[in-house]
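All remarks here apply to the structure that follows.
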């Protein structure tokens, strides 16, 4: 792939180890389908930096030979990609209908009150970000939430939420 000077300059803003990780992901696809690695590249940047900046989106676009807006569309479509810095523990509370019918909004409000933040906010100590999310596919276990896009928590009563917050605080770095 022939890159312009501008594309090379954008890619050069990434650490070499990140570019190596990108290369491993791109290698999984035929050369003409390198754009298929966009989600993996976004995940790599988020893992390393904690969020996806506009500059990172442009670097990924340059590396994959995509328009920057195409990368931005992926970043903004999925709520697993942080578009701004978030707390050490990101708490995504499902507020879709099945969870709403089983007190999902109540769970969200309880977390916000307990942590002293508005929905979408981050605690002053930088430990917790609380936000709504779309369906997590565990409707039978409602209300549910996802911790750091990895750990599902089901049947979120106030007591279970309080215990979770205490446990996460004890694990804080």
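Residue numbers (the numbering used here): 1 to 173.
Every residue, glycine too, gets a C-beta built ideally from N, C-alpha and C.
Handout entry: Sheet register partners of residue 130 (DSSP bridge)
Key = The partner list for residue 130 (beta bridge, DSSP) reads 91.
Practice task
Flag this pair as touching only if the stretch 85-98 and the stretch 140-150 have three or more C-beta atom pairs under 8 Å; answer yes or no.
Solution key: Proximity of the stretch 85-98 to the stretch 140-150 meets the contact definition, three or more beta-carbon pairs being nearer than 8 Å.
Handout entry: Spatial neighbours of residue 84 in its chain, beta-carbon cut-off 8 Å, leaving aside the 5 residues before and after
Key = Counting only Cβ-Cβ distances below 8 Å, and skipping sequence neighbours, we find 51.
Practice task
Pick out whichever of 172, 75, 60, 131 has its Cα sitting closest to the Cα of residue 12.
Solution key: A check of alpha carbon separations from residue 12 across 172, 75, 60, 131 identifies 60 as the nearest.
Problem - Supposed close pair residue 108, residue 118 - CB separation, criterion 8 Å - result: With a Cβ gap of about 11 Å, residue 108 and residue 118 do not count as contacting.
Exercise for the section: Decide if residue 27 is buried, meaning its Cβ has at least 16 other Cβ atoms within 10 Å, or exposed. Expected result: That one is exposed.
Exercise for the section: Tell me, please, whether the stretch 69-85 touches the stretch 40-54 by the rule of three or more beta-carbon pairs shorter than 8 Å. Expected result: By the Cβ test, the stretch 69-85 is in contact with the stretch 40-54, since at least three Cβ pairs between them sit closer than 8 Å.
Problem - residue 57 classed as buried or exposed, judged by whether at least 16 other C-beta atoms fall within 10 angstroms - result: If you draw a 10 Å sphere on the C-beta of residue 57, you find 16 or more other C-beta atoms in it, and that means buried.
Practice task
Give the secondary structure of residue 71 by DSSP, where H, G and I count as helix, E and B as strand, and everything else as coil.
Solution key: Residue 71 falls in the helix class under three-state DSSP.
Practice task
Output the distance between the C-alpha atoms of residue 153 and residue 147, rounded to the nearest integer angstrom.
Solution key: Rounded to the nearest whole angstrom, the C-alpha separation of residue 153 and residue 147 is 8 Å.
Practice task
Evaluate residue 21 with the Cβ neighbour count: other Cβ atoms within 10 Å of its Cβ, from every protein chain shown; 16 or more gives buried, anything less gives exposed.
Solution key: In this structure residue 21 is buried. Its beta-carbon is surrounded by 16 or more other beta-carbon atoms within 10 angstroms.
Exercise for the section: State yes or no: is the C-beta of residue 130 within less than 8 Å of the C-beta of residue 115? Expected result: Here residue 130 is near residue 115, since their CB atoms are less than 8 Å apart.
Exercise for the section: Enumerate, from N- to C-terminal direction, the unbroken alpha helix (DSSP H) stretches of 4 or more residues contained entirely within the stretch 97-167. Expected result: Counting only unbroken stretches of 4 or more residues, the alpha helix (DSSP H) elements lying wholly within the stretch 97-167 are 97-101, 104-115, in sequence order.
Handout entry: As assigned by DSSP and simplified to three states, the class of residue 50
Key = Coil.
Exercise for the section: Kindly indicate which three-state DSSP category residue 86 falls into: helix, strand or coil? Expected result: In the structure shown, residue 86 sits in coil (DSSP, three-state: anything other than H, G, I, E or B).
Problem - Beta-carbon proximity of residue 66 to residue 38, cut-off 8 Å - result: Yes, Cβ-Cβ distance for residue 66 and residue 38 is below 8 Å.
Exercise for the section: Under 8 Å by Cβ, that's how I've got residue 172 and residue 111 pegged, so tell me the actual separation to the nearest angstrom. Expected result: No, residue 172 and residue 111 are not in contact; Cβ-Cβ is about 16 Å, not under 8 Å.
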